[in-house]
Amino acid sequence: MAELTEDIPEGLKWTNLKGQHLVDYATFRKDAAADVEGLQSSDTADSLFGKNNDQHNLAQALAQLQKARQIRVVNAVNKTYNSFGVDAYEETCGLYPQWTGRLCKKGQPVCIFSSAILDAQTMKLYRESSTRLEADRKTGPAAGKVSMEVLRSILVFDNLTMFVMPLCSLTACRAARATPVSKMVLLVDISGLGWSQMWNLKGYVQDFINILSTCFPEVLDKVFITGASGAFPTIWNLIKRWADAETIRKFVILSPNEVLPSLQEYIEMENIPTAFGGLHELGIGTRPDLDRTIKTALEWEPEKDQELPEGPLKWDAGTIAVAVGSVQGVQRENSFASVAI
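Note that this note's numbering gives residue 491 to position 319 of the sequence shown, counting from 1, and the numbers run on in steps of one.
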């Protein structure tokens, strides 16, 4: 038992696991450390386990990890991330939560989203571009294969977990730098979202929830919902059928007079977007506006404009920021900044 459990970090001794449960978890954690594309080894195990700790349901957590592995391997997620077209990637980003470039009080990325961007014409064009991209895919029918729309959403969340969160962990603006960032705070404006639009988006919403639950468990810290209409109770009942109870508990539905006081508990006023009552002048669908402390913590390459490039980004050797993806069919791998440890 000692051989299996000796690598469990001190921070996980809270688990209250004893005897066989502790051995099972240590085995699970060791299995998670296998070399699999995009999964953060034991960090993934800890994240998955955290979701199921109350039930000591190691079998469920392991099955979840194996499903995430299968999706990533069968769909060549890492290879696709490194070669995906920048324009198509940016189109995808427009339909999912975006990082504002700012952090909450706990050092987690503040992300925003508005249902208004998911209008019928935008979704039509997105499905058409996904159909064209699907035609170029090399992956044949296989267990674990996902649609192009789902694959594109995975790429966007990969940028969050593989670039943005490590950036938040590395930069000196974090008071608790020793603890890696693994969650985000999400602000969602659903003003004008009615039952008809929601019903038309049900496939999109289901895919969104499923991919979060399977491949990115525990990435949400808090989700603040604003702008709820009279139709929201019906919409909410539908969402609760698709999402697990643990995810639902992270949602906070705010009335208009609750928005700013509630957000200020988590986020400094200057980092709350103006659309949510704060001082950060950043529109929905615009590029991240990096916090000054993040900009100064990065050592930018000469002649760079101290802005994050478009397209997928990653870290090389943990400290060198690299823009990947492809432009007009030509794959790129351009370093643009670094962080001194």
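For every residue, glycine included, the Cβ atom is placed at its ideal position computed from N, Cα and C.
Note that the structure is a prediction, hence the values are computed from the model and not measured.
Neighbourhood of residue i by C-beta, 6 Å cutoff - its chain only, sequence neighbours within 5 removed
{"i": "residue 453", "result": "446"}
{"i": "residue 503", "result": "255"}
{"i": "residue 510", "result": "471, 491 and 492"}
{"i": "residue 386", "result": "239 and 240"}
{"i": "residue 450", "result": "441 and 444"}
{"i": "residue 258", "result": "482, 483, 497 and 499"}
{"i": "residue 478", "result": "467 and 472"}
{"i": "residue 489", "result": "none"}
Whole-angstrom distance between residue j and residue i, CA atom to CA atom
{"i": "residue 381", "j": "residue 474", "result": "41 Å"}
{"i": "residue 263", "j": "residue 325", "result": "11 Å"}
{"i": "residue 476", "j": "residue 467", "result": "12 Å"}
{"i": "residue 213", "j": "residue 402", "result": "Any reading at residue 213 is ruled out, since the residue's pLDDT is 43, under 50, leaving its predicted position unreliable."}
{"i": "residue 407", "j": "residue 400", "result": "10 Å"}
{"i": "residue 287", "j": "residue 369", "result": "9 Å"}
{"i": "residue 409", "j": "residue 372", "result": "16 Å"}
{"i": "residue 184", "j": "residue 366", "result": "Caution is warranted here: a pLDDT of 47 is assigned to residue 184, below 50, making its placement in the model unreliable, and the coordinate value is therefore given only provisionally. Looking at the two C-alpha atoms, the distance is approximately 43 Å."}
{"i": "residue 323", "j": "residue 302", "result": "10 Å"}
{"i": "residue 378", "j": "residue 384", "result": "10 Å"}
{"i": "residue 298", "j": "residue 330", "result": "19 Å"}
{"i": "residue 341", "j": "residue 413", "result": "34 Å"}
{"i": "residue 308", "j": "residue 469", "result": "40 Å"}
{"i": "residue 494", "j": "residue 405", "result": "44 Å"}
{"i": "residue 304", "j": "residue 291", "result": "20 Å"}
{"i": "residue 374", "j": "residue 436", "result": "32 Å"}
{"i": "residue 431", "j": "residue 294", "result": "28 Å"}
{"i": "residue 174", "j": "residue 232", "result": "Because the pLDDT at residue 174 is just 48, under 50, the model does not fix this residue reliably, and the point stays unresolved."}
{"i": "residue 426", "j": "residue 512", "result": "40 Å"}
{"i": "residue 310", "j": "residue 429", "result": "51 Å"}
Distance CB(residue i)-CB(residue j) smaller than 8 Å
{"i": "residue 261", "j": "residue 483", "result": "yes"}
{"i": "residue 496", "j": "residue 505", "result": "yes"}
{"i": "residue 396", "j": "residue 359", "result": "yes"}
{"i": "residue 267", "j": "residue 289", "result": "yes"}
{"i": "residue 433", "j": "residue 273", "result": "no"}
{"i": "residue 320", "j": "residue 300", "result": "no"}
{"i": "residue 280", "j": "residue 361", "result": "no"}
{"i": "residue 598", "j": "residue 327", "result": "Because the chain spans 173 through 513 in this model, residue 598 falls outside it and cannot be assessed."}
{"i": "residue 343", "j": "residue 465", "result": "yes"}
{"i": "residue 485", "j": "residue 335", "result": "yes"}
{"i": "residue 448", "j": "residue 481", "result": "no"}
{"i": "residue 352", "j": "residue 487", "result": "no"}
{"i": "residue 275", "j": "residue 463", "result": "yes"}
Cβ separation of residue i and residue j, assumed to be a contact under 8 Å, to the nearest whole Å
{"i": "residue 440", "j": "residue 277", "result": "7 Å"}
{"i": "residue 247", "j": "residue 318", "result": "6 Å"}
Cβ neighbours of residue i in the same chain (closer than 8 Å, five flanking residues each side left out)
{"i": "residue 364", "result": "287, 288, 399 and 401"}
{"i": "residue 283", "result": "269, 270, 271, 272, 332, 356, 357, 358 and 359"}
{"i": "residue 314", "result": "246"}
{"i": "residue 415", "result": "381 and 385"}
Same chain, Cβ closer than 7 Å to residue i, neighbours up to 5 away in sequence not counted
{"i": "residue 423", "result": "395 and 397"}
{"i": "residue 265", "result": "328"}
{"i": "residue 420", "result": "412"}
{"i": "residue 456", "result": "284, 286, 289 and 447"}
{"i": "residue 438", "result": "276, 277, 357 and 394"}
Beta-bridge pairing of residue i - partner residues as DSSP gives them
{"i": "residue 283", "result": "271 and 358"}
{"i": "residue 495", "result": "485 and 506"}
{"i": "residue 411", "result": "DSSP, once it has assigned bridges, lists no residue as partnering residue 411."}
{"i": "residue 394", "result": "357"}
{"i": "residue 471", "result": "510"}
{"i": "residue 425", "result": "397"}
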